[in-house]
Structures are given as structure tokens and as C-alpha cells.
Ligand code: DGJ
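Residue numbers (our numbering): 59 to 784.
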């Protein structure tokens with residue numbers, strides 16, 4: 059049994075994979091006892107620290123505990139716990155207090171879906187058990203349902219919360235985080251994935267210090283700047299050993315991830331919708347569902363944590379036809395033509411790349427309305443007949459006749475001021491009356507908190523997707539939200555607009571992904587501005603950055619791999635000098651960076667030398683051979699671009715029969731010291747041939763003794779080695 063309840067002792071023990079999560083009902087409260095590697099004892103009550111603390115509020119008279127230091131499962135505000143609360147409400151009398159108490163619980167097989175929000179799922183009820191703890195505050199009529207799913211196969215617990223107003227008056231949620239968790243020590247480093255446009259998800263680590271250290275987005279999207287993810291690394295942990303706890307939020311809007319170290323060196327971690335500029339009114343009988351947070355424990359360092367997220371997210375968060383299918387080699391025209399193209403040019407690019415081995419052609423921005431630059435036409439999703447006289451249909455059919463599939467770019471959450479849509483519906487954008495409408499990339503954001511706007515988006519996109527043989531959609535989103543307000547919301551509910559925007563988007567995606575199950579959706583937001591588990595639930599792959607420079611990209615690939623599965627990461631080979639940072643890199647290195655993800659191109663083949671064309675052709679063929687290893691294998695980081703001059707990754711098939719090693723070296727040096735690279739993840743007993751190198755070694759030799767680091771020449775070099783067991 060994954061979840062047990064010891065009635066006499068009031069102890070819930072959730073066994074998730076080989077980890078335990080333990081909660082105790084004590085003093086009428088829900089107290090967190092433990093989360094870590096599985097333990098035999100069910101009763102961990104001695105873990106509750108009891109002491110006289112002179113300055114603490116006397117919340118439990120006669121007992122040696124106080125809310126000031128009790129590790130509560132879902133802490134509330136105002137009654138003596140001065141750390142960050144998980145939630146806060148305001149009742150119609152203006153008070154902001156709640157103290158829900160345990161009422162009962164249920165333990166069921168499987169995992170129910172969340173109302174209106176993406177979440178991890180099971181395919182078979184035996185894959186998980188779900189505990190719902192029912193908490194109630196009778197004074198204000200507020201019910202709080204805490205949900206915990208323990209996965210059988212994974213060291214993962216999914217948490218979320220549902221609030222129900224059972225009173226006769228309105229209750230306003232001021233804060234409603236998805237979870238809170240207390241550790242009774244602070245012996246951690248905090249890892250976060252932060253950056254900016256073009257350098258998303260760089261790894262940053264810092265030791266915890268007293269006070270709050272947090273990451274957040276206030277942009278209305280999860281953002282380039284911070285990813286909704288935190289890991290706490292035990293100080294003695296490494297890439298492959300020791301305790302690591304991961305926290306990942308399945309949400310695509312503004313979020314908060316906070317870690318607070320208190321006066322007693324306890325650590326409180328919490329995550330959820332950003333309470334900043336958030337509020338939600340619950341009328342009598344109404345419910346509010348928080349997004350889900352996925353908590354992963356690893357006793358094998360970051361590797362174990364990443365591999366759990368990779369497997370769980372690629373198999374039980376991603377959905378649909380493409381979840382378990384190899385992803386096509388793509389040629390996209392963006393960096394080859396930008397907005398300046400016609401049908402003939404596009405077909406030329408498609409044909410060139412068909413000859414080189416690409417499998418799908420995707421037409422990017424500029425095929426609709428009057429869109430010849432980024433100043434107009436978002437919202438006008440009808441074909442620009444000057445560029446494509448026969449429409450998407452003719453282009454798509456011609457691409458198909460080349461023997462390729464066909465895909466299209468859209469940015470449906472946006473509206474250009476210079477568009478027919480804006481002229482017809484100026485109130486359809488997110489805005490506040492009388493205030494300026496701040497544009498970003500010359501565009502405004504459609505108000506997806508409105509049902510009529512969502513319906514328009516669904517209808518217009520359904521027409522586009524049915525108008526041509528489209529099997530791939532790149533779904534872009536190129537700005538953050540400003541002047542957040544909705545012309546249809548009541549004054550009291552204006553503050554709900556940002557979250558309602560996200561719910562509207564998820565509703566649209568629910569409809570379209572169900573209606574067009576044969577379409578492979580790729581999420582993009584000026585590159586990786588919305589690389590989050592919420593989008594992954596609808597779109598099994600992501601354009602993780604606009605920066606296509608190979609060496610900048612491998613940093614982003616490395617950081618992204620901390621949480622997101624390699625099969626979700628699309629990487630394209632582009633021109634040199636690179637368009638974003640003007641660096642020159644060898645074509646082979648650009649190819650290797652692409653082959654380490656879902657491989658694609660955005661380059662004008664007519665500008666390639668015949669030698670480059672040959673290299674591309676050979677390597678696309680090679681990629682098709684290694685594709686199952688890269689896309690479905692286990693991923694191990696060996697050397698980090700954030701820690702030195704070299705990067706190395708290895709992908710190993712589940713049966714450990716095959717592996718592919720990628721190695722990148724940034725700058726060359728004279729008479730460099732010899733170095734050894736110890737491989738990972740192989741079968742100790744298997745013998746592996748290093749294809750093309752005339753060498754073969756046992757797995758234990760390769761992992762324990764290692765190999766010489768591959769020799770590469772010059773700056774920005776790379777190497778790829780296939781290891782196949784006999
Ligand atoms: C931003 C994306 O990240 C690019 O790949 C490209 O699709 C442009 N938008 C098009 O406007």
C-alpha cells in the first residue's frame with residue numbers, strides 16, 4: 059500500500075517509490091514529520107521538537123509546542139506562526155484569519171484530474187494513491203482540501219489544494235499556495251534556474267541563510283527570468299550522490315517559490331501562484347483549485363532528481379499521440395528568411411532540406427495578414443495571398459508531395475494594434491480604461507479571461523489547422539502582461555484577471571489538443587519564456603531559447619535538463635556567425651548541439667558550402683540512428699558548462715545496450731594536461747564498442763577508469779561517440 063493511516067497514532071505515511079512522506083495529526087493540527095529516503099518506522103513522533111520557547115505565543119497551553127515552531131503541513135496566518143503562510147483569506151467582516159482543523163480524510167487508488175488545470179496523471183489506478191485531507195474552519199465556513207498523490211514508481215508526491223466556501227458570505231483568497239513544507243534543519247543549498255531572454259535557465263546555487271530567499275515571476279507568464287522550480291541540495295550532495303529535494307510547479311503564470319529559514323534553523327519551502335497582485339473571491343458554494351506542485355526526492359543527487367522528473371513528465375504529464383513517438387527532424391524558415399519569403403522560396407528551403415534528410419517543414423511568422431515585420435496583423439489569422447497565393451493548403455500539399463510533413467507558426471494569445479481584429483474589438487485586449495496600453499514587440503495581449511475571446515481563438519485556429527495538411531504547430535507568445543485588467547470583470551474580480559488569463563489559455567489548449575490529436579504542438583515564448591510543466595502538459599516539446607548559438611545553447615540545454623526531459627527540448631542548427639551573439643562556431647559543433655536534443659535547422663541551405671551540406675546530410679542520417687537513444691534514453695550530465703570549459707552528456711537506453719556521448723569544449727589551450735572522462739549509466743558487465751574508434755571496453759572500465767577526453771581541435775570544438783554493446 060502506498061499510503062497508510064495509523065488511526066491510533068494519527069500518522070499518515072505516504073510511500074512514493076523508495077521515499078517516504080510522513081504527516082501526523084497532533085494537537086489537532088497537521089504536522090509534517092519527514093520526507094526522504096524510505097524508513098521502516100511508521101511512528102516518527104519524536105521528530106516533533108518540543109521545548110519551552112519564552113517568546114513564542116502560547117498557542118497550545120500546557121504543551122511544549124507553539125505554532126511559532128511547529129512544522130505545519132499547510133500553515134495559516136495570524137495565530138502565532140510568523141513564517142510565510144501557505145494561504146490567507148479575508149472574510150466579509152474584514153478579518154484575515156483562518157485556522158482549519160482536521161475533519162477526516164480519504165485514501166483512493168489512482169489520481170483524480172484537477173478542475174481546469176493541467177497536472178500529472180496515471181493511466182492505471184495502480185500507479186498511484188491519493189490522500190485527501192479535509193480541513194475545516196467552522197467559524198468562517200472555509201473548507202480546505204489538501205491533496206497528496208504518491209506515485210508507485212517514482213519518488214514523487216504531487217500536491218495541490220482546493221478551497222471551498224461553505225459559508226453564507228463571500229470569502230476572499232489573498233494567498234493560495236500549492237504546498238508548504240518544513241524541514242527541521244537548513245543544511246541546504248538552493249538551486250534555481252534563472253536568466254533572461256536568450257540565456258534562459260542558467261543554474262544558480264546559493265547556501266541558505268536566515269530569512270527568505272525566493273524566486274518569482276510577476277510577468278503573467280512563468281518567464282525567461284525565473285523558472286517555476288527550486289531544488290534543495292543537502293550540503294554533502296553531488297551531481298550523483300546525496301539527498302536532493304525538487305519542487306516544480308505545474309503552472310504557466312506568475313508564480314512564487316520561496317524558501318524561508320527561521321530562527322530555529324527550520325526551512326520552509328512553498329510554491330504557488332504569486333500572491334502579488336492576486337486575489338480570488340469565493341462566493342458561497344464556490345471552489346478554488348490551486349495548481350499542482352510536483353515534489354521529487356532523490357538520494358542519488360541531482361541526477362536521480364532530474365531522471366525522475368524526466369520520466370514522470372515525459373510519460374505522465376505530456377499527453378497525446380506524440381508522447382511516445384520519435385520527433386521529426388525539422389526545417390523551420392525563421393532564421394533563413396525572417397518575414398521576407400514567398401511560396402517559391404519556402405519550397406526551395408523545404409526541398410533542399412528534404413534532400414539532406416529533414417522530415418518536416420515549418421513555416422514560421424509572417425504567413426498571415428499584412429505581416430511583413432512585427433508591427434502588425436496578430437489576430438488576423440488569414441493567409442497573406444501576396445506571399446502564399448495558394449494559401450497554407452497549396453504550400454502544405456506541395457511540401458507533402460516532397461515527402462515531408464508540414465507545420466505552421468501561430469501566436470494566438472496576441473493582438474496587434476494594427477490589425478483588423480483590434481479595429482473590430484479594441485476591448486479584447488488586456489487593459490485598464492483610461493490607462494495607456496503599453497506595447498511590447500508592437501503587440502498587446504488578448505484578454506483570455508473572457509469566454510468570448512477564447513471562443514474566437516478556438517474557432518479561428520480550428521479554421522487554420524483544418525485549412526491545410528498541418529501536423530505540427532509552433533505556438534508562440536512574445537510578451538509579458540502589463541496594465542492587467544479585463545473590460546468584463548467586476549471591480550471585485552479585476553484582480554483575478556491574470557490567473558483567469560492562464561485558465562483561459564489552458565481551456566483553449568484543452569479544446570484544440572483534443573480536436574487536433576494528430577498535431578505535434580511546440581511551445582515557444584520568445585524562446586524559453588514559458589518553459590514550464592503547465593505548457594508541457596499540452597505541448598510535448600519546447601523551443602527553449604531564441605539563442606541558437608551552439609555554446610550559449612548548450613548552457614541552456616544543460617540548465618533545462620535539470621527538470622525537463624531531453625525529448626521536450628527542440629534545438630536547431632543556424633548560421634555562423636550566429637544571429638543572436640555573432641559568434642562563429644564550426645558546423646560540426648552546431649550539429650552536435652542539435653543532435654543532443656530534438657534536431658532541427660533554421661538555415662538557408664543555398665548559403666552552405668558543398669562540404670557543409672555533406673556534413674549535414676551525414677549527420678541527419680546519423681541522428682536518425684541515435685534518435686531513440688537521445689529521445690527516450692536516460693540522461694546523465696557528466697561535465698557542466700557552468701563549472702568549466704567543457705560540457706559532457708551521455709544518453710543511455712533503458713536496457714543499457716546503447717549509449718551516445720556528447721562532448722563540447724569551449725576554448726582550446728596549448729599543451730593541455732591529459733584528462734579522463736568517466737562515463738555514467740552503463741551496464742558494468744556489458745562490453746561496449748566505441749563505434750568508429752576501433753576500441754571496446756566493459757561498462758565498469760568506462761565508468762570507473764574512464765576514457766581520454768575526446769580530442770577536439772580549436773575553439774568551440776565537439777565530439778560525439780556512440781557506444782554499442784555487442
Ligand atoms: C519568437 C520565436 O522564439 C522565434 O523562434 C520566432 O518564431 C519569432 N518569435 C517569430 O516572430
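Here a beta-carbon is modelled for each residue, glycine too, at the ideal position from N, C-alpha and C.
Q. Are the CB atoms of residue 490 and residue 308 nearer to each other than 8 Å?
A. Not in contact: residue 490 and residue 308 (Cβ atoms no closer than 8 Å).
Q. Which residue spans inside the stretch 678-736 form an unbroken beta strand (DSSP E) run of at least 3?
A. Here the runs fully enclosed are 692-697, 704-710 and 716-723.
Q.
I need the straight-line Cα distance from residue 420 to residue 461, nearest angstrom please.
A. Each residue's alpha carbon lies about 14 Å from the other.
Q: Decide yes or no for the touch test of the stretch 232-250 against the stretch 384-397: beta carbon pairs closer than 8 Å, at least 3 of them.
A: By the Cβ test, the stretch 232-250 is not in contact with the stretch 384-397, since fewer than three Cβ pairs between them sit closer than 8 Å.
(Q) Quick check on the burial criterion: 16 or more other C-beta atoms within 10 angstroms. Buried or exposed for residue 89? (A) Counting C-beta atoms within 10 angstroms of its own C-beta, residue 89 has 16 or more neighbours from the protein chains shown and is therefore classed as buried.
Q: For residue 193, I'd like the list of residues in its chain whose CB is within less than 8 Å of its CB, leaving aside the five on either flank, ordered along the chain.
A: These residues qualify, in order along the chain: 88, 132, 158, 159, 160, 161, 201, 202, 203 and 204.
Q.
Quick check on this structure: which residue in 313, 318, 456 and 385 has the alpha carbon closest to the alpha carbon of residue 129?
A. Ranking 313, 318, 456 and 385 by Cα distance to residue 129 puts 318 first.
Q: Output the boundary residues of the beta strand (DSSP E) element that contains residue 618.
A: It is not in any beta strand (DSSP E) - residue 618 instead sits in the alpha helix (DSSP H) that spans 608-618.
Q. According to the Cβ coordinates, are residue 542 and residue 488 closer than 8 Å?
A. Result yes, Cβ atoms of residue 542 and residue 488 sit closer than 8 Å.
Q: Determine the direct distance from the alpha carbon of residue 373 to that of residue 382, and round the result to whole angstroms.
A: Distance between the alpha carbons of residue 382 and residue 373 is about 8 Å.
Q: Only counting runs of 4 or more residues, tell me where the alpha helix (DSSP H) segments fall wholly within the stretch 426-498, in order along the chain.
A: Here the runs fully enclosed are 449-459 and 478-482.
**Q.** C-beta contact flag for residue 589 and residue 548 at 8 Å
**A.** Contact flag unset, no.
Q: Take residue 530 as the anchor and find which of 262, 380 and 78 has the nearest alpha-carbon.
A: Nearest C-alpha to residue 530: 380.
**Q.** Segment limits, beta strand (DSSP E) that includes residue 327
**A.** For residue 327, the enclosing beta strand (DSSP E) starts and ends at 325-331.
Q.
Using CA atoms only, rank isn't needed, just tell me which of 199, 580, 621 and 606 is closest to residue 345.
A. Comparing Cα positions, the closest option is 199.
Q: Report yes or no: do three or more beta-carbon pairs, one from the stretch 352-369 and one from the stretch 642-656, lie closer than 8 Å?
A: They do not touch, by the three-pair rule.
Q) Are there 16 or more other CB atoms within 10 angstroms of the CB of residue 751, so buried, or fewer, so exposed? A) Taking all protein chains shown into account, residue 751 has fewer than 16 neighbouring C-beta atoms within 10 Å of its C-beta and is therefore exposed.
Q.
Can you check which of these residues, 231, 765, 657 and 280, is closest to residue 675 by C-alpha distance?
A. Of the listed residues, the one whose Cα sits closest to residue 675 is 657.
Q. Where does the unbroken alpha helix (DSSP H) through residue 403 begin, and where does it stop?
A. Run containing residue 403: 401-414, per the alpha helix (DSSP H) assignment.
**Q.** Candidates 285, 245 and 269: closest to residue 252 by CA position
**A.** Checking every option, the nearest Cα to that of residue 252 belongs to 285.
**Q.** Separation of residue 700 from residue 414, as counted between CA atoms
**A.** Cα-Cα distance, rounded: 34 Å.
Q: Pick out whichever of 754, 660, 772 and 615 has its Cα sitting closest to the Cα of residue 694.
A: For residue 694, the nearest C-alpha among the options comes from 615.
Q. Should residue 534 be listed as close to the ligand DGJ, given that the test is whether its C-beta is under 7 Å from any heavy atom?
A. Within the cutoff, so yes.
Q: Within 10 angstroms of the Cβ of residue 499, are there 16 or more other Cβ atoms? Answer buried if so, exposed if not.
A: With fewer than 16 Cβ atoms within 10 Å of its Cβ, residue 499 is classed as exposed.
(Q) Suppose only complete runs of 3+ residues qualify. What are the beta strand (DSSP E) ranges in the stretch 637-667, listed by chain order? (A) Runs of the beta strand (DSSP E) spanning 3 or more residues and lying entirely within the stretch 637-667 occur at 656-659, in chain order.
Q) Of the residues 691, 397, 85 and 572, which one's Cα is nearest the Cα of residue 124? A) Among 691, 397, 85 and 572, the Cα nearest to that of residue 124 belongs to 85.
Q) Three or more C-beta pairs closer than 8 Å, one from the stretch 471-484 and one from the stretch 432-449: is that the case here? A) With a cut-off of 8 Å, the stretch 432-449 and the stretch 471-484 count as touching, because enough Cβ pairs lie within range.
**Q.** residue 388 CB to nearest heavy atom of the ligand DGJ below 7 Å
**A.** Taking 7 Å as the cut-off, the C-beta of residue 388 does not count as close to any heavy atom of the ligand DGJ.
Q. Got a sec, what are the start and stop residues for the alpha helix (DSSP H) residue 591 sits in?
A. That run of the alpha helix (DSSP H) goes 591-594.
Q) Beta-carbon separation of residue 261 and residue 273 under 8 Å? A) Here residue 261 is not near residue 273, since their CB atoms are 8 Å or more apart.
**Q.** For residue 557, the three-state DSSP class (helix, strand or coil)
**A.** DSSP places residue 557 in helix when its eight states are reduced to three.
Q. Helix, strand or coil: how does DSSP classify residue 244 here?
A. Coil at residue 244, not helix or strand.
Q) What are the boundary residues of the beta strand (DSSP E) that residue 389 is part of? A) Bounds of the beta strand (DSSP E) holding residue 389 are 388-390.
Q.
For the ligand DGJ, I want to know if residue 585 counts as a neighbour, meaning its beta carbon is within less than 7 Å of at least one of the ligand's heavy atoms.
A. Yes - the ligand DGJ has a heavy atom lying nearer than 7 Å to the Cβ of residue 585.
Q.
Taking contact to mean 3 or more Cβ pairs, one atom from each stretch, closer than 8 Å, check whether the stretch 597-605 and the stretch 628-643 are in contact.
A. With the cut-off at 8 Å, the stretch 597-605 and the stretch 628-643 touch.
Q: Report the rounded CA-to-CA distance for residue 207 versus residue 188, giving the unit in angstroms.
A: For residue 207 and residue 188, the distance between alpha carbons rounds to 4 Å.
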